[in-house]
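First the structure, in the form of structure tokens, and then the observations on it.
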Ligand SMILES: Nc1ncnc2c1ncn2[C@@H]1O[C@H](COP(=O)(O)OP(=O)(O)O)[C@@H](O)[C@H]1O
Ligand SMILES: [Mg+2]
């Protein structure tokens with residue numbers, strides 16, 4: 118089953134007494150294990166698309182399916198549960214909760230799933246080790262560098278074992294060296310865990326990790342290109358959940 | 003666990019704002035406890051004053067007295083035999099401090115030139131001295147059994163007749179058999195009951211002397227003083243049962259049945275208290291809502307993040323309501339503790355109250371801190387805090403996620 122499927126999806130916003138169209142009749146399918154880079158100029162609709170796939174915004178037209186579930190049929194509560202189960206977010210501004218330690222930040226989505234405290238701690242520590250922060254679990258966000266904060270955020274997105282991680286310009290607030298390290302990390306996590314990545318950016322160096330490149334312009338997909346590169350995930354049969 | 007910790011950490015995150023919220027809650031709790039405690043002490047003062055100056059806890063009359071006795075008091079006297087029987091019966095109850103007879107009638111008091119209508123009470127001086135501990139002697143000396151023709155005169159009456167201790171007066175009254183008689187009385191002192199109206203026309207004398215004037219061996223009522231006011235209803239029931247069993251045609255009235263003025267004042271002040279409660283509620287509510295709304299605004303990106311991670315609306319609501327609960331709990335506990343200290347301090351300072359209306363005595367301000375008052379107002383503070391957080395919490399939970407995230 119496709120991780121994400123969009124059918125004739127449009128999204129427009131009211132501007133004064135006009136409607137401006139951010140996305141126009143989009144059809145799109147994302148498969149398990151893909152590392153999709155979403156390119157496009159500022160204002161081309163990248164964030165709008167990510168919000169729709171992330172079930173935090175509703176299309177004006179068309180239908181979004183996550184793991185086969187049509188979002189329009191779900192209540193707010195069901196959408197919350199679906200996000201908790203299938204989706205992870207990585208934000209440009211990291212969005213860590215400032216009063217919580219790195220470990221607690223990563224633990225938080227598990228506590229939303231009512232995972233027992235001890236179990237949640239263990240899994241959070243593992244996720245932090247996976248992103249190379251085993252020694253920083255007790256630090257608060259303000260005691261971490263930008264790159265470290267984004268690693269915590271990645272661990273937080275990963276810890277619930279989602280099917281897809283949505284990253285909206287996650288390197289925009291980082292210097293280029295750190296950005297490359299974060300990209301390497303995401304690429305290897307994609308290979309190790311088989312989680313689908315959808316990655317909005319306007320940095321070109323990201324492209325080398327992509328298995329597929331989508332290009333948006335004025336709310337249309339103007340280019341959709343499979344990149345036959347080194348990704349191991351290509352060998353994982355679609356629909357098979359990988360344990361990690 | 004972690005979510006409760008997050009609420010607690012958020013309370014600590016903005017210390018100044020939490021401090022202001024705590025102050026608002028404490029202000030509410032303290033002012034309500036102090037006012038409630040002050041009213042409670044005032045009620046108690048009035049209640050015990052009226053019990054220990056006039057009413058006792060329970061009064062016993064011949065059946066029919068309360069309905070018809072004001073027209074023909076002489077028809078509804080309890081005779082010596084009944085009197086003895088009941089006195090024994092009442093005295094045997096362990097809750098009873100003492101029981102004493104009174105003979106009441108109206109008379110005309112004259113000093114040879116002026117005559118004034120007076121309310122006369124024939125009493126047993128020894129027992130009455132114990133019962134009427136709230137009656138204050140303002141001139142002369144107390145009445146004793148040996149002062150066979152002695153009389154205590156109400157303070158106002160004493161002044162209006164320009165009397166002095168030792169003065170001799172004549173008291174005239176209609177006797178039990180309908181004729182008219184008079185006795186001489188000697189003023190031994192002046193008394194104040196605390197109620198000006200009574201003090202203006204009150205005379206107390208020895209029961210035997212009063213009975214002699216009235217040609218009777220009976221009394222109007224037996225007044226019962228209990229060891230504690232809280233036993234009143236219990237003893238009322240016991241006596242009522244006992245009288246029925248013994249076939250005694252008697253009537254009972256409790257102090258509460260008789261203290262109309264007390265109930266009027268209590269109702270008035272309870273009304274005032276309710277209004278103050280509403281005002282305090284409004285002030286505290288506005289204070290907390292305001293700081294909570296600020297907290298919600300400030301944490302907009304956090305709300306968006308939690309929602310994006312799969313937190314439900316109820317999750318977000320619960321987060322802010324638990325913060326309010328924590329603040330409410332701390333604020334109420336501190337408020338109760340401070341209120342106790344303040345109440346004790348004010349009581350210890352013995353600040354004199356202005357004379358209450360209709361009263362002729364003053365008291366120092368006392369503030370009671372009964373457990374009931376403390377926990378009720380503590381709970382009230384906690385509830386206000388939680389209620390105040392509902393609107394901001396709902397607001398937070400209804401934010402559009404994409405909008406909320408944009409503030410990051
Ligand atoms: N909440 C909104 N209200 C009004 N217009 C919006 C809103 N969100 C996005 N837009 C508009 O939709 C278009 C696409 O925006 P966006 O998806 O943020 O682009 P990108 O992320 O590629 O820069 C832009 O023209 C933007 O102004
Ligand atoms: Mg964007």
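Protein chains in written order, with the working numbering: chain R, 118 to 361; chain H, 3 to 410.
For glycine and all other residues, C-beta sits at the position ideal for the given N, C-alpha and C.
Item                                                                                                                                              : Value
Span of the alpha helix (DSSP H) around residue 307(R)                                                                                            : 293-310
DSSP state of residue 102(H) mapped onto helix, strand, coil                                                                                      : strand
C-beta neighbour in chain R for residue 340(H), strict 8 angstroms                                                                                : no
Contacts of residue 193(R) in chain H (Cβ-Cβ under 8 angstroms)                                                                                   : 314, 315
Buried or exposed by the 16-neighbour rule on C-beta atoms within 10 Å, applied to residue 252(R)                                                 : exposed
Residue 284(R) vs residue 242(R) beta-carbon contact at 8 angstroms                                                                               : no
Own chain residues within Cβ distance below 6 angstroms of residue 174(R), not counting five before or after                                      : 168
Distance between residue 172(H) and residue 221(H) (C-alpha atoms, nearest Å)                                                                     : 22 angstroms
Chain R within 8 angstroms of residue 239(H), Cβ atoms only                                                                                       : no
Identified DSSP bridge partners for residue 1(H)                                                                                                  : This structure leaves residue 1(H) out entirely; chain H is present only between 3 and 410.
Distance, residue 147(R) Cα to residue 118(R) Cα                                                                                                  : 10 angstroms
Any C-beta of chain H under 8 angstroms from that of residue 162(R)                                                                               : no
Closer than 8 angstroms to chain R by CB, residue 311(H)                                                                                          : yes
Bridge partner(s) assigned by DSSP for residue 337(R)                                                                                             : 334(R)
Beta-ladder partner(s) of residue 138(H), from DSSP                                                                                               : 194(H)
6 angstroms CB neighbourhood of residue 257(H) in its chain, flanking five on each side removed                                                   : 53, 57, 59
Distance between beta carbons of residue 269(R) and residue 232(R), contact taken as under 8 angstroms                                            : So it is not a contact: roughly 18 angstroms between Cβ atoms.
Host beta strand (DSSP E) of residue 316(R) (start-end)                                                                                           : 313-317
For residue 78(H), the first and last residue of its enclosing alpha helix (DSSP H)                                                               : Careful: residue 78(H) lies outside any alpha helix (DSSP H) and carries neither H nor E.
Ligand 2 heavy atom lying under 7 angstroms from the CB of residue 164(R)                                                                         : yes
Residue 394(H) in three-state terms, based on DSSP                                                                                                : helix
Chain R within 8 angstroms of residue 326(H), Cβ atoms only                                                                                       : no
Contacts around residue 342(R), its chain only, beta-carbon distance under 6 angstroms, and the 5 residues preceding and following it disregarded : 330
Check whether residue 290(R) and residue 307(H) have beta carbons under 8 angstroms apart                                                         : no
Own chain residues within Cβ distance below 8 angstroms of residue 319(R), not counting five before or after                                      : 156, 157, 158, 159, 286
Distance CB(residue 182(H))-CB(residue 195(H)) smaller than 8 angstroms                                                                           : no
The alpha helix (DSSP H) enclosing residue 173(R), as first and last residue numbers                                                              : That residue, residue 173(R), is in no alpha helix (DSSP H); it is neither H nor E in DSSP.
Residue 186(R) - partner residues in DSSP beta bridges                                                                                            : 183(R)
Identity of the residues DSSP links to residue 108(H) by a beta bridge                                                                            : 121(H)
Beta-carbon separation (whole angstroms), residue 125(H) vs residue 224(H), contact threshold 8 angstroms                                         : At roughly 12 angstroms, the Cβ-Cβ gap does not stay under 8 angstroms, so residue 125(H) and residue 224(H) are not in contact.
Heavy atom of ligand 1 within 7 angstroms of residue 130(R) beta-carbon                                                                           : yes
Among 218(H), 231(H), 311(H), nearest to residue 85(H) - alpha-carbon criterion                                                                   : 218(H)
Collapsed DSSP secondary structure at residue 327(H) in the structure displayed                                                                   : helix
Residue from 373(H), 98(H), 302(H) with nearest C-alpha to residue 232(H)                                                                         : 98(H)
Same chain only: Cβ atoms within 7 angstroms of residue 293(H), ignoring 5 sequence neighbours per side                                           : 19, 22, 23
Contact with chain H by residue 136(R), beta-carbon distance below 8 angstroms                                                                    : no
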